[in-house]
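Residue numbers (UniProt numbering): 1 to 397.
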Amino acid sequence: MPGFELFGDKERKEVQDVMDSGVLMRYGFDAMRNGHWKTKELETGLSERMQSKYTHAVSSGTAALTVALASAGVGAGDEVIMPTFTFVASFESILALGAIPILVDIDDTLTLNPKAVEKAITSKTKVVMPVHMCGSMADLDALKSICDKHGLLLLEDACQAIGGTYNGKPLGSIGDLGCFSFDYVKTITCGEGGAIITDNKEYYENAHMYSDHGHDHIGNNRGAEAHPFLGYNFRISEMNAAVGVAQLARLDEFLTIQKRNYSILREALSSIPEVVFRTVPDGGEENYSFLNFFLPNEDIAQKVHHALSGAGVDGCFYWYNNNWHYYKKWEHLTQMKSLGKLPKDVIESLPDYSKVDFSESDQWMSRNISCLIKLGWSEEEVTERAAKMVEAIKTVL
Ligand SMILES: *Cc1c(COP(=O)(O)O)cnc(C)c1O
């Protein structure tokens, strides 16, 4: 997955343009910037590549999620449905607005289970936030019809699945809003960065203002701009955006390499009847950033995970007991360990997750192993890796 593996002259050239002018900010300084608007260029490129009317780039994927929610008017006490398997950024962005993260089971897609989503809807629900984990997507048709039926927004977290598609459309562009991360370990990177895509003009206008202290961005004198509502600072710098411009131009090249490497590994593992691959919803195509598979039970999965690392196969994750990606280890959330006092709505309404039954999620996650697909591997190296994986898995079975 990581774009940092293939980093070089193209990225250097884009950054050099910014260094030459010294304009590190995305707004203003028109006369000094030698015509370089790297953030705007990144936004235009993303809108085109992601078939979306509007893109707003921000400082991180977490910022993108926060700004996306804020732009749609999500605030204190609103409930946002999110999966038990995701990165902590999901609930961080929700809590940042005083809204309530409602955790919901995943299924064999490793993303939100639509039936569990429908059960979790209350009069306070505003948003359903599927997270396209490890390169593949939620059942977006099912989620969309649930959202339409209940008047909810669909916000896709496509941070780990950029370039994947669903019914031919880029992931992130199917919901009302979509978010990407360009942190250092994502498929394409800016060092730190993120973006929101949408076809909704109002959300876009809200997003660019909210992420820049409420600046309305009208006219060309920043100091004289109006501030129609309260905002914050989630701006991306031109240096980061410049790296993103170069990396976005290479996205399809990266996807091709990922697909080749993924396919070699998958083909090899297909020879083992006990290995079952994660379900990809009909009409979906992964971005091939991870190869995900289930083993018959928790015990075998743990042993296989151990055997893989013992055989020198690095980059395979057993998320079930991971500190950052699965609800079981999120005691800072479940015990509400915050530095300062949390908003009243959160204290009163956050479910007691120590008592909620997520055995459906556990059932899938305890059997799952996810292997990161690297860009830097040669075909020979992947073939060798595939053989090692098959051998390691067979020693356990
Ligand atoms: C990386 C990631 C984020 C957060 O992105 P940052 O740029 O690191 O803030 C959010 N959601 C998912 C699924 C991610 O993998």
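The beta carbon of each residue, even a glycine, is placed where N, CA and C say it ideally should be.
Since the structure is predicted, the reported quantities are computational estimates derived from the model, not experimental observations.
With 16 or more other Cβ atoms from the protein chains shown falling within 10 Å of its own Cβ, E286 counts as buried. Set against 8 Å, the gap from the CB of T62 to the closest heavy atom of ligand 1 is smaller. Burial state of Y184 is exposed, judged by a 10 Å Cβ sphere holding fewer than 16 other Cβ atoms.
Put simply, the region 67-78 does not touch the region 271-286. Fewer than three CB pairs are less than 8 Å apart.
According to the DSSP assignment, C147 belongs to the alpha helix (DSSP H) that extends over 140-150. K38 sits in a helix when the DSSP states are folded into three classes.
The beta-bridge partner set that DSSP reports for C371 consists of L291, C316.
Using a C-beta cut-off of 8 Å, the region 182-201 makes contact with the region 63-75, since at least three inter-stretch Cβ pairs fall below that distance. Taking all protein chains in view, the Cβ of N368 is crowded by 16 or more other Cβ atoms within 10 Å, so the residue is classified as buried.
Distance between N261 and S378, taken at the CA atoms: about 8 Å. Note on S90: 16 or more other CB atoms within 10 angstroms of its CB, so buried under the neighbour-count rule.
Comparing C-alpha distances from L97 to each of I174, Y210, V382 shows the shortest one belongs to Y210.
In this structure, DSSP gives A31 a helical state, which the three-state scheme calls helix. Rounded to the nearest whole angstrom, the CA to CA distance from G376 to R250 is 14 Å. As computed with DSSP, T125 is found in a beta bridge with E79. Assigned with DSSP and collapsed to three states, C179 falls in strand. In its chain, beyond the 5 residues on either side, I100, M336 have a beta carbon closer than 7 Å to the beta carbon of L350. Counting C-beta pairs with one atom in each stretch, the region 125-135 and the region 287-302 have three or more that are closer than 8 Å, which means they touch. No heavy atom of ligand 1 is found nearer than 8 Å to the CB of V15.
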